[in-house]
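Residue numbers (mature numbering (1 follows the signal peptide of the UniProt record, and there is no 0)): -21 to -1, 1 to 555. The C-beta atom is built at its ideal place from N, Cα and C for all residues, glycine as well. The structure appears below as structure tokens.
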């Protein structure tokens, strides 16, 4: 195997964020924050993750009561939103910011002493040393300890683990597998100690990096490979954190790792990590190239475990193809949009129509097409969902699919049509929608319990202040079911626009007549109407709202329909 790029790159390496990330369709239900994910270190005898990484799904979606989705699996990928609206969140972890030490159930001091003698590190027996490292890592913490004592206990556990690893690595009779396993324990200890001792983290990380570099020169092939894979992960982390100039080197090294004649499932996992990073940075074509290369190469491996594991890459490849086509379609490429639909059908066929695995992918892409104002494609995706699942043998599933599709069709039908809005003001008086005629109005469906709704309010308020004098208004439609929750909210803060509530106490929450009319099954949900009361865009969230309003008001002219032209553009392609 040739010399990797990471060796000349090392002097200016700044180990930073982890590589894996997630696509987040922030909305109520799962929360807006994407869970952080680390690039996993090469694991001894670890089988590759064969679960499918949903390239454009598994995320914190809005609350959708009728939505049917399969359990999240695999490593999701993050998007680069071609339109500024919406939120896609790349959650990174800093080096050493791995999982905290596992805290098993507390036990008594006597039970603790009977478990393992933490202070007694074995001497010259590699088997005993490995047994010790495993045992102390599983040791329960004393139930009478203070926080300070727990911190000291954890330090002792992982410091002693490193000492045991060093003793094993120094033994001439240790096998390659035993040395590799000891290194696993040592690298994990570096990570935990850096986390619980922030003041020492920089040195611990530097020491870990230096050790990994040293291992790349080890005469033992297994250990040398371990070091090379670890160093590649470090470069991958830096690439993921924004060092775009490393892209070509990361790709070349990933392909070299795949081509290693002695490749194992460690190599497969690292290749998958690299593909996920390229995908989440908007290079789905490179992700597909890496995974396809890995699939073809590892399928021919004499290592049965590796060859079998490589079969799981087919679903990964297909979903990254879907993801790439989705991004191009969102930016207006109709040909790629049709390709996306064909690939989505392939995904359904690969699982079989009784499986619900693809459903969340289809629903998420339909939602994204709405956000990108690709309404015809959104309808086509919705039709695909209905065609495949509306007659599912599980009647409850079939009903939920039909309900979800009905809501989507209602949302898609809003564009270009007048929007009725009814209800009551907070003081109980009737809301008069006619008073807003002649102005652009943003209708914000929200609730006090919806974190992403509250997070969107500052953006709406900023644009409200900026454009109100030029003819822009906001109306909030509250979907709280508990009036006391809304009352409590307004005792703590005020909103500078009208809030409308249901005037029928039996139709609150998502049963609010306005929400039902608009097909709202997830919040926040925004609708922008023109001075005639017709809908010109749905869900202009985040920066997209500012783009649309700037387009509208910058093109207003005393005569000639400047505002109308701007309004027409507001529902079209991204304004960049």
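Inset, instruction - On a CA-only basis, which of 305, 247, 437 is nearest residue 208? Give me that one, please. - result: In the chain shown, the residue the question calls residue 208 occupies position 229. Taking only the C-alpha atoms, the option nearest residue 208 is 247.
Inset, instruction - Indicate whether at least one CB of chain B lies closer than 7 Å to the CB of residue 519. - result: In the structure shown, chain B does not exist; there is a single protein chain.
Legend entry - Span separating the alpha-carbon of residue 522 from that of residue 130: Against the chain shown, residue 522 aligns to sequence position 543. Against the chain shown, residue 130 aligns to sequence position 151. C-alpha separation (whole angstroms): 44 Å.
Inset, instruction - Look up residue 424 in the DSSP assignment and say whether it is helix, strand or coil. - result: Counted from its first residue, the chain shown places residue 424 at position 445. If DSSP states are grouped into helix, strand and coil, residue 424 belongs with the strands.
Legend entry - Pairwise C-alpha distance: residue 172 and residue 91: Counting from 1 along the chain shown, the entry for residue 91 is found at position 112. Counting from 1 along the chain shown, the entry for residue 172 is found at position 193. Residue placement at residue 91 is poorly supported in this model, since its pLDDT is 46, which falls under 50; the coordinates are not used for a value here.
Inset, instruction - Report the partner residues of residue 419 according to the DSSP bridge assignment. - result: Here the question's residue 419 lines up with position 440 in the chain shown. Answer by DSSP bridge pairing, in chain order: 451.
Legend entry - Distance, residue 447 Cα to residue 309 Cα: To locate residue 309, count along the chain shown from 1; it is residue 330. To locate residue 447, count along the chain shown from 1; it is residue 468. The straight-line gap from Cα to Cα measures roughly 30 Å.
Legend entry - residue 505 and residue 518 closer than 7 Å at C-beta: Translated into positions along the chain shown, residue 505 becomes position 526. Translated into positions along the chain shown, residue 518 becomes position 539. Yes, they are a contact pair.
Legend entry - Rounded C-alpha distance that separates residue 140 from residue 275: As a position in the chain shown, residue 140 is number 161, starting the count at 1. As a position in the chain shown, residue 275 is number 296, starting the count at 1. Between residue 140 and residue 275, the alpha-carbon positions lie close to 40 Å from each other.
Inset, instruction - In the DSSP assignment, find the alpha helix (DSSP H) that holds residue 150 and state where it starts and stops. - result: Along the chain shown, read from residue 1 onward, the residue named residue 150 stands at position 171. That residue, residue 150, is in no alpha helix (DSSP H); it is neither H nor E in DSSP.
Inset, instruction - State the start and end residues of the unbroken alpha helix (DSSP H) segment that holds residue 385. - result: Locating residue 385 in the chain shown gives position 406, counting from the first residue. For residue 385, the uninterrupted alpha helix (DSSP H) segment begins and ends at 374 to 391.
Legend entry - Coarse secondary structure for residue 235, derived from DSSP in three states: For the purposes of this step, residue 235 is identified with residue 256 of the chain shown, where counting begins at 1. Of the three classes helix, strand and coil, the one that applies to residue 235 here is helix, per DSSP.
Inset, instruction - State the DSSP-derived secondary structure class of residue 338, mapped to helix, strand or coil. - result: On the chain shown, position 359 is the one that residue 338 refers to. Assignment of residue 338 by DSSP, reduced to helix, strand and coil, places it in the helix class.
Inset, instruction - Have a look at the DSSP bridge pairing and note the partners of residue 456. - result: If you number the chain shown from 1, residue 456 lands on position 477. Beta-bridge pairing links residue 456 to 424, 479.
Inset, instruction - State the Cα-Cα distance for the pair residue 155 and residue 428, rounded to the nearest angstrom. - result: Within the chain shown, numbered from 1, the residue matching residue 155 stands at position 176. Within the chain shown, numbered from 1, the residue matching residue 428 stands at position 449. Answer to the nearest angstrom: the Cα atoms are 55 Å apart.
Legend entry - the segment 497 to 512 touching the segment 412 to 427, judged by at least three CB pairs closer than 8 Å: With the cut-off at 8 Å, the segment 497 to 512 and the segment 412 to 427 touch.
Legend entry - Where residue 189 falls, given that 16 or more other Cβ within 10 Å makes a residue buried: Numbered from its first residue, the chain shown carries residue 189 at position 210. Burial call: exposed.
Inset, instruction - Assuming residue 290 and residue 256 form a contact by the criterion Cβ under 8 Å, report the distance between their Cβ atoms to the nearest whole angstrom. - result: For the purposes of this step, residue 290 is taken as the residue at position 311 of the chain shown. For the purposes of this step, residue 256 is taken as the residue at position 277 of the chain shown. The C-beta separation of residue 290 from residue 256 comes to about 22 Å, leaving the pair out of contact by the 8 Å criterion.
Legend entry - Start-end ranges of the alpha helix (DSSP H) lying completely within the segment 95 to 183, minimum 4 residues: Within the segment 95 to 183, the complete alpha helix (DSSP H) segments at least 4 residues long are 105 to 116, 126 to 148, 155 to 175, listed from N- to C-terminus.
Inset, instruction - Enumerate in chain order the residues of its own chain whose CB-to-CB distance from residue 266 is below 6 Å, with the five nearest sequence positions on each side excluded. - result: Position 287 of the chain shown, counted from the start, is the residue given in the question as residue 266. Only 254, 257, 258, 299 meet the Cβ criterion.
Inset, instruction - Within its chain, find whatever has a CB closer than 7 Å to the CB of residue 363; leave out the 5 residues flanking it on each side and keep chain order. - result: Counting from 1 along the chain shown, the entry for residue 363 is found at position 384. Same-chain partners within the cutoff: 320, 323, 324, 341.
Inset, instruction - Quick one: using the 10 Å Cβ neighbour count with 16 as the cut-off for buried, is residue 444 buried or exposed? - result: Numbered from its first residue, the chain shown carries residue 444 at position 465. When all chains shown are included, residue 444 counts as exposed.
Inset, instruction - Return the Cβ separation of residue 435 and residue 390 in integer angstroms, given the expectation that the two are a contact with Cβ distance under 8 Å. - result: Here residue 435 refers to the residue found at position 456 when the chain shown is read from its first residue. Here residue 390 refers to the residue found at position 411 when the chain shown is read from its first residue. About 17 Å; that fails the 8 Å criterion.
Inset, instruction - Tell me, to the nearest whole angstrom, how far the beta carbon of residue 147 is from that of residue 109; I am working on the premise that it is less than 8 Å. - result: Numbered from its first residue, the chain shown carries residue 147 at position 168. Numbered from its first residue, the chain shown carries residue 109 at position 130. Rounded, the Cβ-Cβ distance is 7 Å, consistent with contact.
Legend entry - Test item: CB-CB of residue 296 and residue 273 under 7 Å: Here the question's residue 296 lines up with position 317 in the chain shown. Here the question's residue 273 lines up with position 294 in the chain shown. Result no, Cβ atoms of residue 296 and residue 273 do not sit closer than 7 Å.
Inset, instruction - Please report how far the alpha carbon of residue 394 lies from the alpha carbon of residue 346, in whole angstroms. - result: For this step, residue 394 is matched to residue 415 along the chain shown. For this step, residue 346 is matched to residue 367 along the chain shown. Residue 394 and residue 346 have their C-alpha atoms spaced approximately 15 Å apart.
Legend entry - Same chain only: Cβ atoms within 8 Å of residue 467, ignoring 5 sequence neighbours per side: Within the chain shown, the letter at position 488 stands for residue 467. Here the set comprises 427.
Inset, instruction - Report the three-state DSSP secondary structure of residue 409 (helix, strand or coil). - result: As a position in the chain shown, residue 409 is number 430, starting the count at 1. Residue 409 falls in the strand class under three-state DSSP.
Inset, instruction - Tell me, please, whether the segment 216 to 231 touches the segment 191 to 199 by the rule of three or more beta-carbon pairs shorter than 8 Å. - result: Touching, no.
Legend entry - DSSP bridge partner residues for residue 265 (one or two, in chain order): Here residue 265 refers to the residue found at position 286 of the chain shown. As DSSP reads the structure, residue 265 sits in no beta bridge.
Legend entry - Pairwise C-alpha distance: residue 433 and residue 400: Against the chain shown, residue 400 aligns to sequence position 421. Against the chain shown, residue 433 aligns to sequence position 454. Taking the straight line joining both Cα atoms gives about 22 Å.
Legend entry - Spatial neighbours of residue 356 in its chain, beta-carbon cut-off 7 Å, leaving aside the 5 residues before and after: As a position in the chain shown, residue 356 is number 377, starting the count at 1. Setting aside the 5 residues that flank it on each side, residue 356 is surrounded in the same chain by 308, 316, 348, each with a C-beta closer than 7 Å to its C-beta; the list follows chain order.
Legend entry - C-alpha gap between residue 105 and residue 241, whole angstroms: Position 126 of the chain shown holds residue 105. Position 262 of the chain shown holds residue 241. Using only the alpha carbons, I get a separation of about 25 Å.
Legend entry - Three-state secondary structure (DSSP) of residue 504: What you label residue 504 is simply residue 525 of the chain shown in a count that begins at 1. Strand at residue 504.
Legend entry - Identity of the residue in 365, 475, 202, 425 nearest residue 464 by Cα: Against the chain shown, residue 464 aligns to sequence position 485. Nearest neighbour of residue 464 by Cα position, chosen from 365, 475, 202, 425, turns out to be 425.
Inset, instruction - Report the rounded CA-to-CA distance for residue 305 versus residue 206, giving the unit in angstroms. - result: The residue labelled residue 305 in the question sits at position 326 within the chain shown. The residue labelled residue 206 in the question sits at position 227 within the chain shown. Between residue 305 and residue 206, the alpha-carbon positions lie close to 37 Å from each other.
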